Each structure stands twice: as structure tokens, then as C-alpha cells.
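Engineer:
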Amino acid sequence: MSHASKPQSKRKDSTTSGAEGNKEPHPMESSPYITVDWKSAGEEFLPLFPYYYQNLLCLHCDSFKQLVDHLANVSVDQCLEPFATYLAHFDIDLWNLDSGGDHHDLTLISSAKRDQAADDLAESYDGDKDILACLELVRIIPNNDAQVLQLLSDTGKRKSQKSAKGKKKKAFEWITDTYDLGDHLYVSRYNYFDGFVEHWDEPEPDTAAFPILLDFNQWVPGEIKPLEHVQALNAHPLSATRLRLAHKQEDRLFWKQVTRTVNHRDYFKFKLQRGDQWLDWGDREIEFQDIYAPTCTFGDTVFQVSNNTLYRITEKRSDIIYESSTPLVICKLDAGQLLILQQETLALLLFDDSTNTVEALDLTLPQAPYDNEQLTYLGHSEILVFFRDTCRHSERPEYSESFMKAGLLNLNTREWKYAALNGMESVQKFDARILKDQPHDYVMLRSFDGNLEVSKGHGDWWIWNHLTNALGVSMRIWFWNQRTSEVIKIDSKQMPRLEPSVVYSKGLDRYLFFIGTECALMNDIEKVAKFAGIEKLKWTPSG
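Residue numbers (my numbering): 29 to 571.
(1) Within 10 angstroms of the Cβ of N493, are there 16 or more other Cβ atoms? Answer buried if so, exposed if not.
(2) Within its chain, find whatever has a CB closer than 6 Å to the CB of C86; leave out the 5 residues flanking it on each side and keep chain order.
(3) Helix, strand or coil for V225, going by three-state DSSP, please let me know.
(4) To the nearest angstrom, how far is the alpha carbon of K564 from that of D97?
(5) Quick one: grab the DSSP three-state call for A388.
(6) Look up P78 in the DSSP assignment and say whether it is helix, strand or coil.
(7) Along the chain, which unbroken stretches of the beta strand (DSSP E) at least 3 residues long are found entirely within the stretch 457 to 542?
(8) Going by the CB atoms, is the gap between G223 and F238 shorter than 7 Å?
(9) Residues bridged to M550 by DSSP?
(10) Between which residues of its own chain and L307 is the CB-CB distance below 6 Å, once the five residues before and five after are set aside?
(11) Identify the continuous beta strand (DSSP E) that holds D574 and give its terminal residues.
(12) Is the stretch 443 to 455 close to the stretch 362 to 371, with three or more CB pairs under 8 Å?
(13) When DSSP labels each residue in this structure, what does Y350 get in the three-state scheme?
(14) When burial is assigned at 16 or more other CB atoms within 10 Å of the CB, is R511 buried or exposed?
(15) Can you grab the Cα-Cα spacing for the pair F431 / I562, in whole Å?
(16) Taking its Cβ as the centre, do 16 or more other Cβ atoms sit within 10 Å of D552, making it buried, or is it exposed?
(17) For S139, does the three-state DSSP call read helix, strand or coil?
(18) Rank V482, L271, Q277 by C-alpha distance to the C-alpha of F296 and give the top, closest one.
(19) When you compare only the Cα positions, how much space is there between S59 and D173?
(20) For my contact list, L499 and V102 are in at a C-beta cut-off of 8 Å; report their separation, rounded to the angstrom.
(21) Would a C-beta distance cut-off of 7 Å place Y114 and L95 closer than the cut-off?
(22) Does DSSP put M56 in a helix, in a strand, or in coil?
(23) Strictly by DSSP, which residues pair up with P239?
(24) Under the rule that 16 or more other beta-carbon atoms within 10 Å means buried, what is L463, buried or exposed?
(25) Just grab the DSSP bridge partners of Q277 for me.
(26) Would you please state the rounded distance, in angstroms, between the beta carbons of E226 and L209? I believe it to be under 8 Å.
(27) Expressed to the nearest angstrom, what Euclidean distance is found between the alpha-carbon atoms of V357 and L213?
(28) What does the Cβ neighbour count give for P53, buried or exposed, with the cut at 16 atoms within 10 Å?
(29) Would you mind giving the Cβ-Cβ distance between S454 and T385, rounded to the nearest angstrom? I have them listed as a contact below 8 Å.
(30) Would you call the CB atoms of S346 and I314 closer than 7 Å?
(31) Quick one: does D552 have its CB under 7 Å from some CB of chain D?
(32) Once you ignore the five residues that flank S428 on each side, which residues in its own chain have a CB closer than 8 Å to its CB?
(33) If I follow the unbroken alpha helix (DSSP H) through C107, where does it start and stop?
(34) By how many angstroms is the C-alpha of E372 removed from the C-alpha of K433?
(35) Taking contact to mean at least 3 C-beta pairs separated by less than 8 Å, is the stretch 321 to 339 in contact with the stretch 278 to 287?
(36) Going by beta carbon distance, what residues of the same chain come within less than 7 Å of K566, once the five residues before and after it are set aside?
In C-alpha cells, the structure reads:
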């Protein structure tokens with residue numbers, strides 16, 4: 029969290045709106061303190077400086093915007109020295125009023141008035157020794173960050189060449205159009221069905237809500253209102269919903285409806301919506317657990333795992349197909365077949381709906397997958413699985429790093445092949461020193477955290493969408509071609525300040541970004557490939 033403030037206590041009144049007119053910012057009296065939580069990233073607090081320092085032109089120019097892009101996903105501790113490097117170019121110092129807490133109180137002071145800073149601090153607190161003993165005004169020393177210096181150099185070159193070239197090079201436009209949904213919408217392969225997403229229309233906070241289907245096969249997105257006899261439902265305190273879309277195919281929609289809560293567990297039943305019909309689906313006496321567990325369907329037949337048991341659910345029946353002592357994950361294959369993973373043993377089984385049999389494949393995963401539910405059937409008898417491995421840091425063996433690899437299993441040949449996902453991680457620079465008076469001890473670590481979601485793209489392409497809160501340079505999206513193994517890699521440097529969930533719309537033949545409350549059309553994939561470049565994954569057979 030970041031905001032502008034004045035340090036608490038007896039300090040004399042001072043404005044927090046920045047210097048007035050064309051005057052330089054006074055060391056203490058007219059410069060605001062911008063309080064920044066230690067967990068903040070650059071994109072969260074740096075944009076506050078132009079707001080509170082309206083008269084400083086260096087904060088209202090393209091070079092500052094580029095600086096924010098450069099430091100957007102960098103922790104505040106790693107931002108300060110590069111920011112000070114940028115400000116020093118304009119004879120401005122960056123200072124931190126250190127009170128020993130887990131935040132920074134940042135202010136800007138003209139370099140010409142640097143020597144007055146400590147005296148002005150004492151004066152602003154009337155020389156109160158008790159207060160001053162708890163405060164330390166520290167100037168952030170520029171670190172001459174190479175990229176910041178290059179940015180400043182390029183800015184100067186652009187100014188000198190402006191008349192010759194006429195116009196500057198534009199940044200790549202990731203988005204061609206946006207649509208405001210009015211509310212946050214999380215989209216993944218588990219709630220995105222043929223371009224349709226369930227959304228809840230809540231007229232007022234804490235009031236009854238109505239399920240609505242949003243149709244992203246058209247632009248702008250369309251809305252399908254709920255059936256009249258589907259009453260408004262209050263969000264459930266455990267699952268946060270009482271009704272969830274399980275699957276959509278053609279004119280059939282399968283819903284999960286919470287029926288009761290016992291011992292902090294939700295129980296649900298299936299409903300089928302076909303046109304104006306709203307029907308119970310399955311045995312009315314049987315309820316299921318975990319409304320967010322994946323569901324597979326073949327026509328009107330639903331398959332659901334509940335409490336380590338696999339069920340086949342038809343109009344009037346809910347039959348047990350397989351029971352296990354360990355949690356199960358199912359993955360839909362071709363021709364009425366399901367792949368079953370036993371999570372604890374990592375054993376794979378095959379269920380065939382035509383023969384109603386479960387067959388042990390004499391196959392196990394080589395290690396636990398990164399996400400048990402991310403078994404993806406690619407067609408052509410191939411299963412895609414992601415694994416996370418660790419290794420010692422090459423230069424600092426006391427630290428470990430994590431990285432990802434992909435595994436492809438051919439169910440016909442029972443053979444594996446693997447590819448290292450170089451770049452599919454976050455790279456963060458952190459200071460390993462223990463005490464403040466020790467010299468900086470920077471270490472670059474790569475790690476993989478967050479979600480890696482796979483969904484179908486156009487043609488032979490698949491979307492690998494990395495969603496993470498990790499700071500540092502991180503991968504955002506990979507577009508992977510199953511046939512050629514070509515991959516388009518997009519990281520946070522190429523896509524600053526954008527962290528989209530990405531899906532493909534067949535109706536539009538376009539990729540969509542979901543960012544906060546907005547849905548956006550991604551630029552043409554051909555233009556994205558030209559901008560980001562195309563690489564190839566190298567697959568190595570096991571053994």
C-alpha cells in the first residue's frame with residue numbers, strides 16, 4: 029500500500045500537494061512524504077510522485093513512464109536506487125525518513141539544498157530530541173543503474189533527432205479494443221466454455237445476485253439473462269457461490285447448485301438447463317462435494333470426482349465408477365475415455381465408458397505434477413504435464429532455485445519426452461545482507477510460483493498462461509504450437525504493467541485479455557509473433 033502523508037507527531041504543518049508554481053521543492057516544508065509499504069512494487073508507488081509533484085517536469089515525461097515500465101514489477105527496495113539515479117540526472121535527491129518500521133517515507137529534495145535537510149528535519153519537529161531520536165533522514169544513493177542511464181541517454185538522443193526523424197518509435201500495442209465489464213471477472217479453462225463465461229450480476233453489495241452468461245464469441249460481448257424461474261441467490265459463505273456453471277456444449281448447460289452445508293463443507297447437485305427447461309440431473313438422493321472440482325461430460329453424461337470417488341451421472345442415476353483411498357483427478361480423452369490419476373501413488377488408470385471398465389495402465393507419473401488438475405489432453409494420444417524442479421544456485425550454493433519443465437506422455441507408446449521451459453519463471457534480485465550497515469549483497473534468484481494454466485488456442489496452438497504475484501521479471505504468456513513445437517514467449521518486460529488472463533474466442537478468431545474489470549482484444553497473433561519472436565522447444569526422450 030502506498031500513499032502520501034506527513035509523519036505523525038509534533039511536526040509543524042506542511043503541505044502534501046507538492047511544490048507550488050515553478051519553485052523547486054523545498055527540503056521539508058513543501059515536499060510531501062509518500063509512504064510506501066515494503067511489499068509494494070514499482071508500478072504501485074512510482075505513479076504517485078507525478079501526482080504529488082505537479083511542478084517537476086521530469087515526472088511528467090515519456091522517460092519517467094519508461095522508468096515506471098522498467099521498475100513496474102520490482103520490489104520497493106530494489107526500486108529506490110535506480111529511481112534516485114533517474115532523479116540525480118535532474119539535480120533532485122530521493123530521501124527516506126526512516127522510523128524503524130516496515131515502510132518507507134519518501135520525499136524529494138533539491139540537490140542544492142541537500143545540506144539543509146537534517147536541519148530542516150530538526151526544525152520541523154521543534155528540536156524534540158525524543159522524536160528525532162526515533163527518526164533518521166537517509167539520502168538514497170544513486171546506483172547508476174545501467175538501464176536507467178541508457179534510458180536517459182536515449183531520451184537525449186531522441187530530443188536531438190526529433191526534427192530529423194519527425195516522430196518517435198511507438199511502443200507495441202498489445203490491445204486493440206477494450207470493453208468494461210463493470211466487475212472483476214476471473215477466467216480460466218474451468219469456467220470458460222466455447223466462449224461463454226458465467227458471471228454474477230449483483231445490483232448492490234451484499235444483496236441477492238443473478239447468474240448471467242457472458243458471450244465472448246461476439247464483440248462487444250453479449251449477455252444471456254438468467255431463466256425467470258432461477259431465483260436470485262445470495263453468495264454462499266464457504267464456496268462464495270450457490271450456483272456454478274460446470275459445462276456448456278451446444279444447447280445444454282450443466283450447473284452445480286449448492287444444496288446444504290454440513291461441518292464446513294458444501295454439498296451440491298447437478299442441474300441441466302436446456303432452453304427453458306431447468307431439470308434435476310442425477311440421483312436426487314446423492315450429493316457431491318467440492319463445487320470447484322473439474323467436471324467432464326460426454327453428451328448428456330457427466331463425470332465428477334467427489335470424496336475420492338468417481339461418479340457417472342445421467343438423468344436419473346449417479347453411479348459409482350471407481351473408488352480410491354487417495355484423491356483422484358480426471359482428464360477427458362477421446363471416444364468416451366477418461367484418464368484417472370491417483371494423486372498419492374501417481375498411478376494412471378483408464379476408464380472406457382463403452383465397456384464401463386477401469387484399467388490400470390501400469391504407468392505412473394515420474395514425479396508429482398506442479399498442479400494435479402493440470403493434466404491436459406492434446407489429442408493424438410498425448411498428455412501434457414508440468415513439473416517443478418529445484419537446484420542449487422550456481423554461484424551461491426546456500427540458495428536454491430526452482431524451474432519448470434514440461435512432460436509429454438504418449439498413451440499409445442507409453443513413452444515420455446521432456447522439455448526445459450527456459451524463461452518460464454520469475455527472476456528477482458534481492459539483498460542478502462542481514463544488517464543495514466553491511467555492504468549490499470545482491471543475489472539473482474529464479475523461481476516459479478503461481479498458476480500455469482493451459483487452454484486451446486487457434487489451429488495447433490495452445491496458450492500457457494502464467495499468473496503470479498511474484499516480483500521481478502516474470503513470464504506472462506507462452507503460445508506453443510503442438511505440431512511444430514514453436515513457442516512465442518512474452519514476459520513482463522515486453523508487456524509492462526499488464527497481467528492478463530488469456531483465452532481464445534472461436535467466434536471472433538481472436539485472443540482475449542481479461543484484466544481487472546476489462547476484457548480486451550489482443551493484437552493479431554501474427555503481429556505479436558513478429559514483435560516477440562519465435563523459438564523452438566527442444567524435447568528430449570526419457571531414458
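Built from N, CA and C at the ideal position, the CB exists for glycine as well. Remember, it's a predicted structure, so these values are computed and weren't measured experimentally.
Structural biologist: On the basis of the coordinates in this document:
(1) Taking the first residue of the sequence shown as position 1, residue 493 is located at position 465. N493 comes out buried.
(2) Here residue 86 corresponds to residue number 58 of the sequence shown, with the count starting at 1. Cβ neighbours of C86 beyond the five flanking positions: F118.
(3) Along the sequence shown, read from residue 1 onward, the residue named residue 225 stands at position 197. V225 falls in the strand class under three-state DSSP.
(4) In the sequence shown, counting from the first residue as 1, residue 564 sits at position 536. In the sequence shown, counting from the first residue as 1, residue 97 sits at position 69. For K564 and D97, the distance between alpha carbons rounds to 28 Å.
(5) Here residue 388 refers to the residue found at position 360 when the sequence shown is read from its first residue. DSSP places A388 in strand when its eight states are reduced to three.
(6) Position 50 of the sequence shown, counted from the first residue, corresponds to residue 78. Note: P78 maps to helix in three-state DSSP.
(7) 470 to 475, 479 to 484, 489 to 495, 501 to 509, 514 to 519, 529 to 533
(8) Numbered from 1 along the sequence shown, position 210 holds the residue referred to as residue 238. Numbered from 1 along the sequence shown, position 195 holds the residue referred to as residue 223. Taking 7 Å as the Cβ cut-off, F238 and G223 do not qualify as a contacting pair.
(9) Translated into the one-based positions of the sequence shown, residue 550 becomes position 522. DSSP lists I203 as partners of M550.
(10) Along the sequence shown, read from residue 1 onward, the residue named residue 307 stands at position 279. Excluding sequence neighbours, L307 sits near L300.
(11) The first residue shown for the chain is 29 and the last is 571, placing residue 574 beyond what the model contains.
(12) no
(13) Along the sequence shown, one-based indexing puts residue 350 at 322. The answer is strand: DSSP assigns Y350 an E or B state.
(14) Taking the first residue of the sequence shown as 1, we reach residue 511 at position 483. Label assigned to R511: exposed.
(15) Within the sequence shown, the letter at position 403 stands for residue 431. Within the sequence shown, the letter at position 534 stands for residue 562. Taking the Cα positions, F431 is about 21 Å away from I562.
(16) If you number the sequence shown from 1, residue 552 lands on position 524. Label assigned to D552: exposed.
(17) Taking the sequence shown and counting its residues from 1, one reaches residue 139 at position 111. DSSP, read as helix, strand or coil, puts S139 in helix.
(18) Here residue 296 refers to the residue found at position 268 of the sequence shown. The shortest Cα separation from F296 among V482, L271, Q277 belongs to L271.
(19) The count along the sequence shown starts at 1 and reaches residue 59 at position 31. The count along the sequence shown starts at 1 and reaches residue 173 at position 145. Straight across, the Cα-Cα distance linking S59 with D173 is about 25 Å.
(20) Here residue 499 refers to the residue found at position 471 when the sequence shown is read from its first residue. Here residue 102 refers to the residue found at position 74 when the sequence shown is read from its first residue. L499 to V102, Cβ: 6 Å. Contact.
(21) Counted from its first residue, the sequence shown places residue 114 at position 86. Counted from its first residue, the sequence shown places residue 95 at position 67. Going by C-beta atoms, Y114 is nearer than 7 Å to L95.
(22) Counting from 1 along the sequence shown, the entry for residue 56 is found at position 28. Residue placement at M56 is poorly supported in this model, since its pLDDT is 38, which falls under 50; the coordinates still yield a value, given next. Coil, per DSSP.
(23) Within the sequence shown, the letter at position 211 stands for residue 239. Beta-bridge pairing links P239 to W228.
(24) The residue labelled residue 463 in the question sits at position 435 within the sequence shown. With fewer than 16 Cβ atoms within 10 Å of its Cβ, L463 is classed as exposed.
(25) Here the question's residue 277 lines up with position 249 in the sequence shown. Q277 is bridged to R280.
(26) By one-based count along the sequence shown, residue 226 stands at place 198. By one-based count along the sequence shown, residue 209 stands at place 181. Their Cβ separation, rounded to whole angstroms, is 13 Å, which puts E226 and L209 out of contact at 8 Å.
(27) Locating residue 357 in the sequence shown gives position 329, counting from the first residue. Locating residue 213 in the sequence shown gives position 185, counting from the first residue. C-alpha separation (whole angstroms): 26 Å.
(28) Residue 53 sits at position 25 when you count from the first residue of the sequence shown. Only weak support exists for where P53 lies, its pLDDT of 43 falling under 50; the value from the coordinates is given anyway. Answer is buried; the Cβ neighbour count reaches 16.
(29) Locating residue 454 in the sequence shown gives position 426, where the first residue counts as 1. Locating residue 385 in the sequence shown gives position 357, where the first residue counts as 1. Wrong, their Cβ atoms sit about 44 Å apart, outside the cutoff.
(30) Locating residue 346 in the sequence shown gives position 318, counting from the first residue. Locating residue 314 in the sequence shown gives position 286, counting from the first residue. A contact, by the Cβ cut-off of 7 Å.
(31) This model lacks chain D altogether, as it is built from one protein chain only.
(32) Counting from 1 along the sequence shown, the entry for residue 428 is found at position 400. Cβ neighbours of S428 beyond the five flanking positions: T418, C419, R420, H421.
(33) Residue numbering aside, residue 107 sits at position 79 when the sequence shown is read from its first letter. Run containing C107: 104 to 116, per the alpha helix (DSSP H) assignment.
(34) Here residue 433 is taken as the residue at index 405 of the sequence shown, counted from 1. Here residue 372 is taken as the residue at index 344 of the sequence shown, counted from 1. If I take the Cα positions, the gap works out to 21 Å.
(35) yes
(36) For the purposes of this step, residue 566 is taken as residue 538 along the sequence shown, with counting starting at 1. Cβ neighbours of K566 beyond the five flanking positions: A447.
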